[in-house]
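Each remark here refers to the structure printed beneath this line.
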Amino acid sequence: NAGVTQTPKFRVLKTGQSMTLLCAQDMNHEYMYWYRQDPGMGLRLIHYSVGEGTTAKGEVPDGYNVSRLKKQNFLLGLESAAPSQTSVYFCASSYPSGVLAKNIQYFGAGTRLSVL
Amino acid sequence: GQQLNQSPQSMFIQEGEDVSMNCTSSSIFNTWLWYKQDPGEGPVLLIALYKAGELTSNGRLTAQFGITRKDSFLNISASIPSDVGIYFCAGLISNFGNEKLTFGTGTRLTIIP
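Protein chains in written order, with the numbering used here: chain A, 1 to 116; chain B, 1001 to 1113.
Pasting the structure below:
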């Protein structure tokens, strides 16, 4: 069972470079999320999507863009990377809350990004 | 935004000891979740709580949803080496189309040989 798959697992960028992180889920989940994790900060929500073609800002959206062109994929883009974006990025997916689904978020293994 | 205060930040225990950690919030939630994160991996769900006062067990783990809906605790009994990791609480307010988790800052559990 693949679940939530993130690519790449590691990446080093120079300041000002751009890149896209890919998240793919095979559980037919409606909702997808991007978080960043920094030491002592827990996970903070960057952007999320409640369905194909929709995106919304989370707690820390600045410097990031996202797209959800297909239900199973959620892309996180950095147009001009900055050292402050050095972090571990996690993608998650879930069903919306309901009698059966209960909005349990399933996480990928993470992408470790360093911006020099 | 909402913040969850999770304590303790770290714990150093011996194998076989019981562990207790908790989360408190200034806001109410209608779902509390507890996740565990192993090194180099994403968080994995341990226990989900959906009703105030609910007490739920998963093997050696027990968690409770506080009556005020502003707190939750997680207990681990008879700890074993594979319990090492970071434990996160997370609270959820479920409004359709606006369902976001707020995470605590984590409790790092270390087992001393």
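No residue lacks a Cβ here, since even glycine has one placed at the ideal position from N, Cα and C.
Limits of the unbroken beta strand (DSSP E) element including serine 1109 of chain B: By one-based count along the second sequence, residue 1109 of chain B stands at place 109. Strictly speaking, residue 1109 of chain B in this sequence is leucine, with serine absent from that position. Unbroken beta strand (DSSP E) run through leucine 1109 of chain B: 1107-1112.
Sufficient close CB pairs (3 or more, under 8 Å) joining the segment 1076-1091 of chain B to the segment 16-35 of chain A: no
Beta-carbon contacts of threonine 86 of chain A that lie in its chain and below 8 Å, excluding the five residues immediately before and after: Here residue 86 of chain A corresponds to residue number 86 of the first sequence, with the count starting at 1. Leu113, Ser114 and Val115, listed in sequence order.
Cutoff 8 Å: alanine 109 of chain A Cβ touching any chain B Cβ: Translated into the one-based positions of the first sequence, residue 109 of chain A becomes position 109. By this cut-off, alanine 109 of chain A is an interface position.
8 Å Cβ cutoff, glutamine 25 of chain A in contact with chain B: As a first step, residue 25 of chain A is located in the first sequence; it is residue number 25 there, counting from the start. Not an interface residue.
Contact check, leucine 69 of chain A vs methionine 19 of chain A, beta carbons under 8 Å: Within the first sequence, numbered from 1, the residue matching residue 69 of chain A stands at position 69. Within the first sequence, numbered from 1, the residue matching residue 19 of chain A stands at position 19. It is not a contact, given that the beta carbons lie outside the stated cut-off.
Spatially closest choice to threonine 1024 of chain B from B/Pro1113, B/Ile1111, B/Thr1102 and B/Thr1110, by CA coordinates: Within the second sequence, residue 1024 of chain B is the residue found at index 24, counting from 1. Ranking B/Pro1113, B/Ile1111, B/Thr1102 and B/Thr1110 by Cα distance to threonine 1024 of chain B puts B/Thr1102 first.
Whole-angstrom C-beta distance between leucine 1061 of chain B and isoleucine 1076 of chain B, which should lie under 8 Å: Here residue 1076 of chain B corresponds to residue number 76 of the second sequence, with the count starting at 1. Here residue 1061 of chain B corresponds to residue number 61 of the second sequence, with the count starting at 1. Indeed they touch by this definition, with Cβ atoms about 6 Å apart.
Those residues which DSSP pairs with histidine 47 of chain A across a bridge: As a first step, residue 47 of chain A must be located in the first sequence, where it is residue number 47. Histidine 47 of chain A is bridged to A/Trp34 and A/Lys57.
Those residues which DSSP pairs with threonine 1056 of chain B across a bridge: In the second sequence, counting from the first residue as 1, residue 1056 of chain B sits at position 56. Beta-bridge pairing links threonine 1056 of chain B to B/Ala1063.
Interface flag, glutamine 85 of chain A vs chain B, CB-CB below 8 Å: Here residue 85 of chain A is taken as the residue at index 85 of the first sequence, counted from 1. It does not: the Cβ of glutamine 85 of chain A has no partner Cβ on chain B nearer than 8 Å.
Neighbour list for methionine 41 of chain A in chain B, Cβ cutoff strictly below 8 Å: Taking the first residue of the first sequence as 1, we reach residue 41 of chain A at position 41. Neighbours of methionine 41 of chain A on chain B, chain order: Thr1105.
Secondary structure of serine 1025 of chain B, DSSP reduced to three states: Here residue 1025 of chain B corresponds to residue number 25 of the second sequence, with the count starting at 1. Of the three classes helix, strand and coil, the one that applies to serine 1025 of chain B here is strand, per DSSP.
Where valine 1044 of chain B falls, given that 16 or more other Cβ within 10 Å makes a residue buried: The sequence position of residue 1044 of chain B within the second sequence is 44, counting from 1. Exposed, by the Cβ-count rule.
Cα-Cα separation, glycine 1059 of chain B to leucine 13 of chain A: Working through the second sequence from its first residue, we reach residue 1059 of chain B at position 59. Working through the first sequence from its first residue, we reach residue 13 of chain A at position 13. Those two C-alpha atoms are separated by around 43 Å.
Exposure label - phenylalanine 1012 of chain B; buried when at least 16 CB within 10 Å: Here the question's residue 1012 of chain B lines up with position 12 in the second sequence. So phenylalanine 1012 of chain B counts as exposed.
Burial state of isoleucine 46 of chain A (16 or more Cβ within 10 Å): For this step, residue 46 of chain A is matched to residue 46 along the first sequence. Per the 10 Å Cβ criterion, buried.
Closer than 8 Å to chain A by CB, lysine 1036 of chain B: The count along the second sequence starts at 1 and reaches residue 1036 of chain B at position 36. Taking Cβ atoms only, chain A never reaches closer than 8 Å to lysine 1036 of chain B, which makes this a no.
Tyrosine 1035 of chain B vs alanine 1090 of chain B beta-carbon contact at 8 Å: The residue labelled residue 1035 of chain B in the question sits at position 35 within the second sequence. The residue labelled residue 1090 of chain B in the question sits at position 90 within the second sequence. Yes, these two residues count as a Cβ contact at 8 Å.
Beta-carbon spacing of glutamine 996 of chain B, isoleucine 1111 of chain B below 8 Å: In this structure chain B extends from 1001 to 1113, so residue 996 of chain B is not present and cannot be described.
Members of the segment 1039-1067 of chain B near chain A, C-beta cut-off 9 Å: Gly1040, Glu1041, Gly1042, Pro1043, Val1044, Leu1045, Ala1048 and Tyr1050
CB contact flag (tyrosine 89 of chain A, leucine 75 of chain A, <8 Å): For the purposes of this step, residue 89 of chain A is taken as the residue at position 89 of the first sequence. For the purposes of this step, residue 75 of chain A is taken as the residue at position 75 of the first sequence. Result no, Cβ atoms of tyrosine 89 of chain A and leucine 75 of chain A do not sit closer than 8 Å.
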